[in-house]
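See structure below.
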Amino acid sequence: MPTQGMPTQGIKAQIEQISVEIERQKEVLRKLESRKSLLQQQLNAERDPIASLPLEISSEIFLHCLPPRSKGYPLEYARPRAHLAPLLLLNICNTWTNIALSTPA
């Protein structure tokens, strides 16, 4: 694609064509990423036995993962730690995050 001696209009036209093609390719990429994400969610749902449980049961399991309440200190005063429930449960997958966030404490 040598541009020496090419009139300015020709260069501008090529830039415009390339810009249009870039936008088209970005849209193709967005669609592929969306399809991949949906397929990954389906795969995760098939691999994750908790995802197939009713919300009430999985919520009860999650509640049993919470640290015990300390004497004299309500649960809301406990310092959350990333490596312990409930924060740990938020980092497993989207399904577990949704269950953890929708479970009343």
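So our numbering is basically just the index in the sequence shown, starting at one, shifted up by 5. Cβ coordinates follow ideal geometry from the N, Cα and C atoms, glycine included. Here the structure is a predicted model, which is why all the values come from computation and not from measurement.
{"Asked": "Cβ separation of residue 100 and residue 50, assumed to be a contact under 8 Å, to the nearest whole Å", "Found": "7 Å"}
{"Asked": "Residue range of the unbroken alpha helix (DSSP H) whose run includes residue 69", "Found": "60-70"}
{"Asked": "Nearest-angstrom Cβ-Cβ length linking residue 90 and residue 106, presumed shorter than 8 Å", "Found": "The pair is not a contact, with the Cβ atoms about 13 Å apart (cut-off 8 Å)."}
{"Asked": "Residue 57 classed as buried or exposed, judged by whether at least 16 other C-beta atoms fall within 10 angstroms", "Found": "exposed"}
{"Asked": "Rounded distance between the beta-carbons of residue 87 and residue 93, thought under 8 Å", "Found": "7 Å"}
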